[in-house]
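Residue numbers (my numbering): 1 to 223. We treat Cβ as the ideally placed atom computed from N, Cα and C, and that holds for glycine.
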Amino acid sequence: MMRFDAGNAPTLLGTWKRLGATPPHVLGEYLDRAYRLDPFYQFTDVPTQGGLYRLCDIAPDRFFSSEYFYKYFKETRLLDEVGLLAPLSCGSVVHLSFSRLERSGQYRRREIQCLQDYSPILLELLVSHGRSLPLAGVSPQEQTRVSALHELILNEANEAFQAGLTRREAQIAGLVLLGHSNGSAAQMLNISRETVKVHRRNLYSKLRISSSGSLFEMLRHLL
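Following this line, the structure appears as structure tokens:
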């Protein structure tokens with residue numbers, strides 16, 4: 001369970017898992033930087049009353065073939081994930097994740113329905129718990145500021161690699177890393193698919209790469 005606070009890295013509120021179920025480093029890596037590509041962290045279309053979501057329903061269309069999926073998510077040994085997202089009045093969101101290991105198989109329909117039946121009560125409890133906690137575990141001066149993904153990419157590409165990316169090209173790069181296809185990215189940015197292809201070709205040329213895999217490796221230290 002964790003809380004997503006605007007402008008800050010996620011705050012871990014608690015974790016319950018079988019001993020040795022996942023490699024010890026994956027949670028720390030998530031809280032340090034991997035959260036930026038997490039579909040639950042990126043999902044913003046949450047109603048005021050909150051909701052229950054399955055990873056496969058909210059992930060970008062190419063998430064399960066993305067570099068992030070193969071080079072981080074698969075390392076967690078998780079196969080399926082269902083999450084509660086409970087918005088707080090302060091703008092933060094409490095996230096409770098129910099994850100299944102590869103050896104356990106995917107959630108069955110009746111299990112999803114059971115979680116759905118209990119979700120109103122669970123969401124109320126999450127909101128109540130979230131309200132009882134301080135907004136951040138450190139002072140505002142010490143909080144880790146988190147830039148939008150495309151801003152991180154723009155700064156890194158132009159400062160470290162002198163690539164001269166435009167803001168739009170950085171946005172496209174971020175969507176590619178999240179697992180969006182050209183068509184999905186076009187919908188997200190309200191532009192044509194052909195325009196996305198042009199921007200993508202330009203950013204690959206400026207960074208002297210030829211694939212999303214190379215893009216991921218170039219920026220992995222941010223992700």
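By the CB criterion at 8 Å, L101 and L84 fall outside the cutoff.
The beta carbon of S184 lies closer than 8 Å to those of P60, D61, R62 and L175 in the same chain, with the five residues before and after it left out.
The segment 102-118 makes no contact with the segment 126-133; the number of CB pairs closer than 8 Å stays below 3. Going by beta carbons, L149 and R220 fall outside the 8 Å limit. For the set N8, L215 and T44, the Cα lying nearest the Cα of R33 is the one of N8.
The alpha-carbon separation between V82 and L88 amounts to approximately 20 Å.
One alpha carbon belongs to Y204, the other to V198, and they sit about 10 Å apart. DSSP links E81 through a beta bridge to S99. H25 counts as exposed, since fewer than 16 other beta carbons sit within 10 angstroms of its beta carbon. Contact between V94 and R3 holds: CB atoms are separated by about 5 Å, below the 8 Å threshold. Counting along the chain, M2 sits inside the beta strand (DSSP E) bounded by residues M2 to F4. Taking the Cα of T11 as reference, the smallest distance to any Cα among K17, Y41, T22 and L177 is reached at Y41.
Secondary structure at T44: coil, using DSSP grouped into helix, strand and coil. When secondary structure is reduced to three states using DSSP, Y204 falls in the helix class.
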